Amino acid sequence: MSDMTMGDLRRAAQVFTPDLGPAGISASARILTARGERRLGDLEPGERIISRTSGMIRLAGLTRFDCEACPIALAPHALGNGRPSDLVHVSPAQKLLLRDWRAKLLFGSAAALAPAAALVDNGYITRTPRLTGMEMVTLHFDAPQILYIGMLECAFEPDEASQAA
């Protein structure tokens, strides 16, 4: 993941936003696993997933929920060539890794983590009120991870409650 650590990324991009609800990605989005490409909604705890930050990792758990906020739609190529590869819906709080001009322009850094809500441009990245209630999935790991989902670089961090346990 280049020279920046997850801690560096968190410090580089402090985005102050209202409560955006839980982070998550549409259950229909696809991710690379040891068994090939799978839907997020079909994953089970213990599944081996390919991580950008750590190589092959095990999924500690997942939470399924209906998005009560307006999901954010990222059109194909909204964040660069092939990123995402297809239309992807995420919750407003889902953090995405930016490693292009957006990180520099918005956060003054070569790379930054930003919630999807901060990236809405009403062109390629839009709110989708008609999809309120869409099934979303949050993935849980023992350590912070960046995963490729539809070629988006999505950040997942352990819950503070589970870190304290």
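Per UniProt numbering, the sequence shown runs over residues 1 to 165.
Quick reminder that beta carbons are idealized off the backbone N, C-alpha and C, glycines included.
The structure displayed is predicted, hence computed values, not measured ones.
Would you call residue i buried or exposed, if buried means 16 or more other Cβ atoms sit within 10 Å of its Cβ?
i    : result
R30  : buried
P71  : buried
L119 : buried
S162 : Bear in mind that the predicted position of S162 carries a pLDDT of just 41, short of 50, making it unreliable; the figure below should be weighed with that in mind. Label assigned to S162: exposed.
P115 : buried
P84  : buried
L113 : buried
L105 : exposed
G150 : buried
Within this structure, are the beta carbons of residue i and residue j separated by less than 8 Å?
i    : j    : result
A73  : T128 : yes
L117 : L20  : Here residue 117 turns out to be Ala, not Leu, going by the sequence shown. Closer than 8 Å, so yes.
I50  : C154 : no
A111 : L96  : no
T132 : L62  : no
D86  : P76  : yes
Please state the DSSP three-state secondary structure of residue i.
i           : result
L131        : helix
A78         : coil
R30         : strand
residue 191 : Here the chain comprises residues numbered 1 to 165, so residue 191 is not present and cannot be evaluated.
L139        : strand
I146        : strand
A110        : coil
L87         : coil
L96         : strand
A116        : helix
A23         : coil
A69         : coil
Taking residue i and residue j to be in contact with their CB atoms under 8 Å, please state how far apart those CB atoms are, rounded to whole angstroms.
i   : j   : result
R58 : G41 : R58 to G41, Cβ: 18 Å. No contact.
| query | What residue ranges within the stretch 34 to 63 form continuous beta strand (DSSP E) runs of no fewer than 3 residues, ordered along the chain? | reply | 36 to 39, 48 to 51, 55 to 58
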